[in-house]
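Protein sequences, first through last, are from chains D and Y. In terms of the numbering used here, the first sequence opens at residue 568 and continues consecutively. In terms of the numbering used here, the second sequence opens at residue 28 and continues consecutively. Down below is the structure, laid out as structure tokens.
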Amino acid sequence: MEDQFADLLIRCAKQDQIAFKQLYQKASPKLYSLALRLMQKPELAEDVLQESFIKIWQKADTYNTQKGKALTWMATVTRNKALDKLRSQKLKSNEMDIQYEGLDFASTDLEPDHQEDLSQEMQRLRECLKQLQPSQRECILLSYYYGHTHQELSEKLNKPLGTVKAWIRRGLETLKPCLS
Amino acid sequence: MSELNRYQNPQVFEKLAMAYAAGTLHGRARQRFEKLKSEHFYLEATTSAFESKFGNLVELLPNEKPSGRVWKNIESSIKSEHTSEGTEKSSWFSWLKPAYAVSALAVLLAVFLVLSPGTKDNIAYAAVLEDTQSNPIAITRITSDLSVSISIMKELKLEDGTVLRLWCHPKNGGEPMEMGKISNTGETILTITPEEYENMKTIGKLEITADSHGSAQTSARTTLLKGFLNPIKEQ
Numbered sequence: 568m569e570d571q572f573a574d575l576l577i578r579c580a581k582q583d584q585i586a587f588k589q590l591y592q593k594a595s596p597k598l599y600s601l602a603l604r605l606m607q608k609p610e611l612a613e614d615v616l617q618e619s620f621i622k623i624w625q626k627a628d629t630y631n632t633q634k635g636k637a638l639t640w641m642a643t644v645t646r647n648k649a650l651d652k653l654r655s656q657k658l659k660s661n662e663m664d665i666q667y668e669g670l671d672f673a674s675t676d677l678e679p680d681h682q683e684d685l686s687q688e689m690q691r692l693r694e695c696l697k698q699l700q701p702s703q704r705e706c707i708l709l710s711y712y713y714g715h716t717h718q719e720l721s722e723k724l725n726k727p728l729g730t731v732k733a734w735i736r737r738g739l740e741t742l743k744p745c746l747s
Numbered sequence: 028m029s030e031l032n033r034y035q036n037p038q039v040f041e042k043l044a045m046a047y048a049a050g051t052l053h054g055r056a057r058q059r060f061e062k063l064k065s066e067h068f069y070l071e072a073t074t075s076a077f078e079s080k081f082g083n084l085v086e087l088l089p090n091e092k093p094s095g096r097v098w099k100n101i102e103s104s105i106k107s108e109h110t111s112e113g114t115e116k117s118s119w120f121s122w123l124k125p126a127y128a129v130s131a132l133a134v135l136l137a138v139f140l141v142l143s144p145g146t147k148d149n150i151a152y153a154a155v156l157e158d159t160q161s162n163p164i165a166i167t168r169i170t171s172d173l174s175v176s177i178s179i180m181k182e183l184k185l186e187d188g189t190v191l192r193l194w195c196h197p198k199n200g201g202e203p204m205e206m207g208k209i210s211n212t213g214e215t216i217l218t219i220t221p222e223e224y225e226n227m228k229t230i231g232k233l234e235i236t237a238d239s240h241g242s243a244q245t246s247a248r249t250t251l252l253k254g255f256l257n258p259i260k261e262q
């Protein structure tokens, strides 16, 4: 599946609009899912998805396979778009009705019986994440998927800010050699 | 340690790049890092490497279907972008073509006039005659000593029995007047009367035709070249 994303992206770089539509159809469900968690509102998430795909179309020629998988490159584009939008609109999760939360999807997929659906790269990342203490892993995943700040995590998890910061710092320290 | 020196320390910038990619770097620290990242390739490359690792987390997300509106907006956006690029290109070329043609003709005329020693001071009118594809093929000079010189720069292929004639068209749109037969190659010199020379003020355009049979009045005529007649010095 992954090669297909890369192939489509390379065709997009040549202004192939059919390839772009196929890429949208295949990748948008995951990228929209990411945007939904970061933005919390479907209409805002759709705006982010739209802007992200326009950027993907415009910047497709800057992608190469050395930059990693096409889906992860597109996820980074989408995530950065969402964070930019949140920053520019000064939107904060505590000002919105929370519609998406929790890590049920991640904890389920960290189980071995879901392994065959995951790419090799995700399987390696999963092994690294499993080395973390549950609290460390939870803080890092909530930061990635929901864009929560340390303060927001502290409030959400009902833990002191210093504790949350320490969990994140130690979690990243543990992950670093594993990811490298 | 200055801020940049701090970021040049791999122990520091790798940690920050990782935190940025994982999404645990927030607020002003994130903005400061983004600024430095845009200025220093090694920070950008390190961050990009970590982003490609954490980006795999998207695989764990459940699929969610966006509304059809999103694709429609994306499609219309890239199509309008494509159209505006096309418009820009066509407007660029539509601007370029006459500009190029005018400048090419001006250069051609200037070169020709400069390379005509002894006559350039006498040149009263000049015209560059172009074919139907706007290629400059001939240069005509009318001098105050009552001569009309027609230089064909690229030989015109003619069928047997066909003759070339030079015509002048009044600015007011009256009937064209024949100035004489010309050769299909090299230079032809025609002589005009003082009245005809005086009359050149009223001429707007010159034309070279190919006349297949008979006289100028009875033959089948095809326009091969034409061009505007320009005064070179004040009359």
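For glycine and all other residues, C-beta sits at the position ideal for the given N, C-alpha and C.
To test your reading of the DSSP string, which unbroken alpha helix (DSSP H) runs of 4 or more residues are found completely within the segment 568 to 624 of chain D? 569 to 580, 584 to 606
Which residues, in chain order, does the segment 84 to 106 of chain Y contribute to contact with chain D at a C-beta distance below 9 angstroms? L84, V85, E86, L87, L88, P89, N90, E91, K92, P93, S94, R96, V97, W98, N100, I101, E102, S104, I105, K106
Beta carbon proximity, W624/D to chain Y, threshold 7 angstroms: Residue contact with chain Y for W624/D: present (Cβ-Cβ distance below 7 angstroms to some residue of chain Y).
For my contact list, E78/Y and A48/Y are in at a C-beta cut-off of 8 angstroms; report their separation, rounded to the angstrom. By a beta-carbon distance limit of 8 angstroms, E78/Y contacts A48/Y. Their separation comes to about 4 angstroms.
For W122/Y, does the three-state DSSP call read helix, strand or coil? For W122/Y, the predicted structure reports a pLDDT of 42, less than 50, and the residue's modelled location is therefore unreliable. The matter cannot be settled from this model.
Three-way DSSP call (helix, strand, coil) for A76/Y in this model: helix
Start and end of the alpha helix (DSSP H) containing K779/D? The displayed coordinates of chain D run from 568 to 747. Any statement about residue 779/D would go beyond what the structure contains.
Looking at I177/Y and A165/Y, is the spacing between their C-beta atoms short of 7 angstroms? yes
N-terminal and C-terminal residue of the beta strand (DSSP E) that Y152/Y is part of: 150 to 157
I'd like to confirm the pairing. Which residues does DSSP put opposite G213/Y in its beta bridges? I179/Y, per the DSSP bridge assignment.
In terms of residue numbering, what span does the beta strand (DSSP E) encompassing I9/Y cover? Past the boundaries of the shown model lies residue 9/Y; chain Y is included only from 28 to 262, so the question cannot be answered.
What did DSSP end up calling D238/Y once you bin it into helix, strand or coil? strand
State the beta-bridge partners of E719/D as determined by DSSP. Paired residue(s): none; E719/D is not in a bridge.
From the beta carbon of K309/Y, is the nearest beta carbon of chain D less than 7 angstroms away? This structure gives no information on residue 309/Y, because the portion of chain Y shown stretches from 28 to 262.
Quick one: Cα of T220/Y to Cα of L173/Y, how far? 7 angstroms
Give the DSSP bridge partners of H196/Y, in chain order. In DSSP, H196/Y forms a bridge with K232/Y.
Identify the continuous beta strand (DSSP E) that holds G201/Y and give its terminal residues. Premise fails: G201/Y is in no beta strand (DSSP E) and is neither H nor E.
My understanding is that L605/D touches R646/D, with C-beta atoms under 8 angstroms, so please give their C-beta distance in whole angstroms. 7 angstroms
Please identify the residue among E41/Y, E202/Y, N211/Y, S107/Y whose C-alpha is closest to the C-alpha of E71/Y. E41/Y
Can you tell me whether T218/Y is helix, strand or coil according to DSSP? strand
Residues of the segment 728 to 747 of chain D in Cβ contact with chain Y at a cutoff of 7 angstroms, in chain order, please. So the list reads I735, L739, K743, L746, given in the order they occur along the chain.
Give the single residue among G54/Y, T73/Y, E157/Y, A153/Y whose Cα lies nearest to the Cα of S655/D. Looking at G54/Y, T73/Y, E157/Y, A153/Y, the one whose alpha-carbon comes closest to that of S655/D is G54/Y.
Quick one: Cα of L724/D to Cα of L638/D, how far? 31 angstroms
List, in order along the chain, the chain Y residues whose C-beta lies closer than 7 angstroms to that of G635/D? S79, G82
Quickly, what does DSSP pair R248/Y with across the bridge? List them, please. D238/Y.
If the criterion is Cβ atoms closer than 7 angstroms, does the pair G50/Y and Y711/D meet it? yes
For L185/Y, which option in S239/Y, S171/Y, M204/Y, L193/Y has the closest C-alpha, if you only look at C-alpha atoms? In terms of Cα proximity to L185/Y, the closest of S239/Y, S171/Y, M204/Y, L193/Y is S239/Y.
Find out if the Cβ-Cβ distance for the pair G669/D, I707/D is shorter than 7 angstroms. Contact flag unset, no.
Does A649/D get closer than 7 angstroms to chain Y when you measure Cβ to Cβ? no
Of the listed residues V39/Y, E214/Y, A76/Y, M45/Y, nearest to E688/D (C-alpha basis): A76/Y
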